[in-house]
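Take the sequence shown: its position 61, counting from 1, is numbered 44 in the working numbering, and each next residue is one higher. Just so it is clear, CB atoms sit at the ideal spot from N, CA and C, and this is done for glycine as well.
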Amino acid sequence: MRLTILETGHRWSQRLFFKMIKLQMGHVPGPMRVLTYRRSWFGSPFVDCLQQAMRNSKHWSSSEMELFAAFISKLNRCTY
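Okay, here's the thing in structure tokens:
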């Protein structure tokens, strides 16, 4: 289920950015829409937390984590 506000609730600059992405990729990934909607309220704090969790691993390198993410995306049949 996707909220319709994530399709229409962005500023004009974000919508322009999404159009450029759509021209290059054919679609705009869902997580990108979520993270850019109300960025100061949700996006920035969540992205900071996500980066810290994903990039500061003591067990795996960045390339290994990218490989895991790509594999999970394939299993979920979504674009990485």
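- Annotation: Met3 to Thr(-13) spans about 20 Å, alpha carbon to alpha carbon.
- For Leu33 and Ser45, the gap between their C-alpha atoms comes out near 13 Å.
- The three-state secondary structure of Thr19, taken from DSSP, is helix.
- Per DSSP, Pro28 is one residue of the alpha helix (DSSP H) stretching across Ser27 to Arg38.
- Shown here, Lys41 sits in coil according to DSSP, grouped into three states, outside any helix or strand.
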